[in-house]
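Worksheet: the structure to be examined is printed underneath.
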Amino acid sequence: MSAGIAVNGLGHADDGVSKVLADQSSKLVHNSNLYHNEWSGELAHLLTTLTKQHGGLGYVKGSSTEGAGLKAFFANSGTEANEGALKFARVSGKQHSADKVELVCFNNAFHGRSMGGLSVTSNPKYQDPFAPLIPGVKVGNVNDVPALTELVTEKTCGVIIEPIQGEGGIHNVDLDFLIALRKRCDEVGAVLIYDEIQCGLFRSTNMWAHSDFPVEAHPDLITMAKPLANGFPIGAILMRDSVANNVSPGSHGTTFGGSPLSTAVAHHVLTRLSQLPDMKSRAELLKERLNQLAAAYPDLIKSEVRGRGFLLGVPFKDTAHPGKALSLARERGLLILVAGSDAVRIVPSLTISEEEINKACDIFEAVLEVLRKELAPAEAVEPSTPTTGILNKWALIKNAYREELAEFLSTFVLIVIGAGVNCQYTLQGSGVALSVPLTWAFGVAGAVWIAGGISGGHLNPVVTISLAIFRGFPWRKVPSYTISQVLGCFAGACVAYANYHYSIDQFEDGLRTIHGPTATGGLFFTMPQPYLPALNCFFDEFLGTAILVGLVFALSDKSNLSPPHGTMPFALFLTIFGLGAALGGNTAGGFNPARDFGPRLMAWFMGYGNEVWSFFGQYWFWCGWLAPISGGIAGAFVYDAFIYSGADSPVNTKKTHVYESGVIA
1 MSAGIAVNGL GHADDGVSKV LADQSSKLVH NSNLYHNEWS GELAHLLTTL TKQHGGLGYV
61 KGSSTEGAGL KAFFANSGTE ANEGALKFAR VSGKQHSADK VELVCFNNAF HGRSMGGLSV
121 TSNPKYQDPF APLIPGVKVG NVNDVPALTE LVTEKTCGVI IEPIQGEGGI HNVDLDFLIA
181 LRKRCDEVGA VLIYDEIQCG LFRSTNMWAH SDFPVEAHPD LITMAKPLAN GFPIGAILMR
241 DSVANNVSPG SHGTTFGGSP LSTAVAHHVL TRLSQLPDMK SRAELLKERL NQLAAAYPDL
301 IKSEVRGRGF LLGVPFKDTA HPGKALSLAR ERGLLILVAG SDAVRIVPSL TISEEEINKA
361 CDIFEAVLEV LRKELAPAEA VEPSTPTTGI LNKWALIKNA YREELAEFLS TFVLIVIGAG
421 VNCQYTLQGS GVALSVPLTW AFGVAGAVWI AGGISGGHLN PVVTISLAIF RGFPWRKVPS
481 YTISQVLGCF AGACVAYANY HYSIDQFEDG LRTIHGPTAT GGLFFTMPQP YLPALNCFFD
541 EFLGTAILVG LVFALSDKSN LSPPHGTMPF ALFLTIFGLG AALGGNTAGG FNPARDFGPR
601 LMAWFMGYGN EVWSFFGQYW FWCGWLAPIS GGIAGAFVYD AFIYSGADSP VNTKKTHVYE
661 SGVIA
């Protein structure tokens, strides 16, 4: 979603562009501007023709393509185009008065890194290392109409502005302001320059960002570059004759500008850009998806998406988040940019498909989810106290560990319900055989309702580990989630044991055993059937957990038939009930190391003896931990290898070197 920083309008490695490059380079690459070449003339004609057709530079949409009125000058880059535009404004000003040489620019603008371009880029980050800059530059604020009278004066030769500010954070300039600016320039005889290097050439879905504006908001001169040759270096100035007539031949030039090769490629690219289908509908889909995310993450994003067409900015409340989002997205196979101090910049290829838009937005949503979980507690959580109150110490502690507490409480409830039905069915003979898997399934559903919106409702170290490997869940949280799950299961087992303590005494005649006809240890932790060999035990846990994690991944896959919002617990109820009924007989169907280890720890404390650990060659370890973890990873891998297409899975992406970097305009 970066397109070489808004350059590759036709995408990367385009066959048509490659063919023109090869064909023209075998004929004529360079001949200097001393001699005519066919493609510079053809490109100039195409630019003027399309501008009249689409609207711009004083022409309303659909104007006649015949006759003169516009002139083009070709350079090598956007910065060179802006440098030339400033020079043309200066020479035009001197036609009126020798001291009509002042230039006007605006805050948050970016016009390049040459000395002239830098002088009208009012950002200390760029300017300070190279000061002093050229004199005679005044800086104003965009959309401040009353200030225009003092800002643009009789000494002003030119005003340069971006109709959509790009590097400054993706801000649309108000139409009323542009109309007032055009009027003020006419009053004092100043040249109005629109820098459309980033927002022009169909990036806004119109040829120019001002194409749909009334002619009262049109400029005298446009600069362009980025997508003009799809990455091959070229820049251009398109101007009205009223400006061009002030520039004499030879007064401004460039050795390589307008070469046969660059203009041949640009002619091909511009022709195809003007014919791209469904740009407006695809751009609307992109903005709609991003605005949906903005509405879903108001704790992160401070307003609706800014910009137009395929030049969009997602504004964050925390200025540290755009850079973090860039890195997180890159790790997941999505390339985005930052803009200004607060925004993520979205500038995809103009050929992007609806499928690619949806995939990119899905990945961006995953990035936002990670950022939400990493928020400081005070930002991430709505306080339960009135807005006029002050959070007490417990609230602050709770907010800091809310996810872990959710995992603890959910697994606590799971074991109270699950171990409770085991005890009731075995000790008191209440219920039928299906009562056990049915009630465990209900326990899982209830647990996910408790924790799903807070921690994701993992309940299971295998799910947590699989999400860390295949979905970018932070590894630093795996230990705290696992410990919380084990402790929740331990506490739940303690409560269930306390509730059925006297029934256990009566059933076992005061003993505490883990195998035999009256053993009760298996009511709390998993135990295999006495006739099962070790390999069968391991395979049963491996298979059950592989199916469980595969189904969890399928249920959470938004490109698949994921359940409607709020119904995930019911879907997991059906999943656990089916697994328990089908695979729960051999080893009691734990499929969850915490669900086995926590209650096993409780049993050891309550007098079931060291056999809790030594039974069947440390069964608790190889069948309670190794089998489900390896099975869960295998199930996740199979789902991603055969079904899942998201770029957040390492199965679907190449390994890349991830690094922090600044983003240039």
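In case it helps, my numbering puts the sequence shown at residues 1 to 665. Note that the Cβ used here is the ideal one computed from N, Cα and C, for glycine as well.
Comparing alpha-carbon positions, the option among Tyr608, Gly635 and Arg600 lying closest to tryptophan 620 turns out to be Arg600. In the DSSP annotation of this structure, the continuous segment of the alpha helix (DSSP H) that includes leucine 46 starts and ends at 38 to 54. In this structure, alanine 493 lies away from isoleucine 576, with their beta-carbon atoms at least 7 Å apart. About 19 Å separates the beta carbon of leucine 192 from that of leucine 201, a gap too long to meet the 8 Å contact definition. Histidine 54 sits buried, since 16 or more C-beta atoms from the chains shown fall within 10 Å of its C-beta. Here asparagine 245 is exposed, its C-beta having fewer than 16 other C-beta atoms within 10 Å. CA-CA distance, proline 593 to leucine 548, rounds to 13 Å. When the five nearest sequence neighbours on each side are left out, no beta carbon in the same chain lies closer than 8 Å to the beta carbon of aspartate 278. Taking C-beta atoms as the reference points, glycine 235 and asparagine 76 count as a pair closer than 7 Å. Burial of isoleucine 465 is indicated by the presence of at least 16 other C-beta atoms within 10 angstroms of its C-beta. With respect to leucine 273, alanine 217 sits apart: the two C-beta atoms are not nearer than 7 Å.
Note on geometry: alpha-carbon atoms of alanine 360 and leucine 328 lie some 13 Å from one another.
In this structure, threonine 482 keeps its C-beta atom at 7 Å or more from the C-beta atom of glutamate 541.
With respect to the C-alpha of leucine 427, the residue from Ala445, Thr48, Tyr401 and Tyr500 having the closest C-alpha is Tyr500.
Under the DSSP assignment, leucine 438 falls in the alpha helix (DSSP H) whose first and last residues are 435 to 451. Going by DSSP, tyrosine 194 is part of the beta strand (DSSP E) stretching over 191 to 195. Here methionine 115 is exposed: its Cβ has fewer than 16 other Cβ atoms, across all protein chains shown, within 10 Å.
Judged by DSSP in its simplified three-state form, tyrosine 59 adopts strand. The three-state secondary structure of histidine 210, taken from DSSP, is coil. In the structure shown, glycine 420 falls within a helical segment according to DSSP collapsed to helix, strand and coil. When Cβ pairs closer than 8 Å are counted between the two stretches, the segment 194 to 213 is seen not to touch the segment 325 to 341, the count staying below three.
For phenylalanine 570, the uninterrupted alpha helix (DSSP H) segment begins and ends at 568 to 583. With a contact defined as Cβ atoms closer than 8 Å, glutamate 154 and valine 104 miss out at about 12 Å. The residue from Leu148, Arg332, Met527 and Ser556 with its alpha-carbon nearest to that of valine 651 is Arg332. The beta carbons of isoleucine 346 and methionine 1 sit closer together than 7 Å.
If the five residues before and after alanine 627 are omitted, its C-beta is found closer than 6 Å to the C-beta atoms of Phe538, Glu541 and Phe542, all from its own chain and listed in chain order. Beta-bridge partners assigned by DSSP to threonine 223: Asp195 and Ile237.
By the neighbour-count definition (other C-beta atoms within 10 Å, threshold 16), glutamine 485 is a buried residue. Bridge pairing for cysteine 105: Val139 [DSSP]. Contact annotation: alanine 366 and aspartate 648 have beta-carbon atoms nearer than 7 Å. Around the beta carbon of lysine 280, fewer than 16 other beta carbons sit within 10 angstroms, so the residue counts as exposed. Alanine 6 is not a Cβ neighbour of leucine 47, given a cutoff of 7 Å.
Going by C-alpha positions, leucine 276 is about 10 Å away from glycine 9.
Taking every protein chain shown into account, the CB of asparagine 422 has 16 or more other CB atoms within 10 angstroms, so this residue is buried.
At the C-beta level, alanine 445 and proline 348 stay beyond 7 Å of one another.
Cβ-Cβ distances below 8 Å link lysine 94 to Lys100, Val101 and Cys157 in the same chain, with the five nearest sequence neighbours on each side left out; the list follows chain order.
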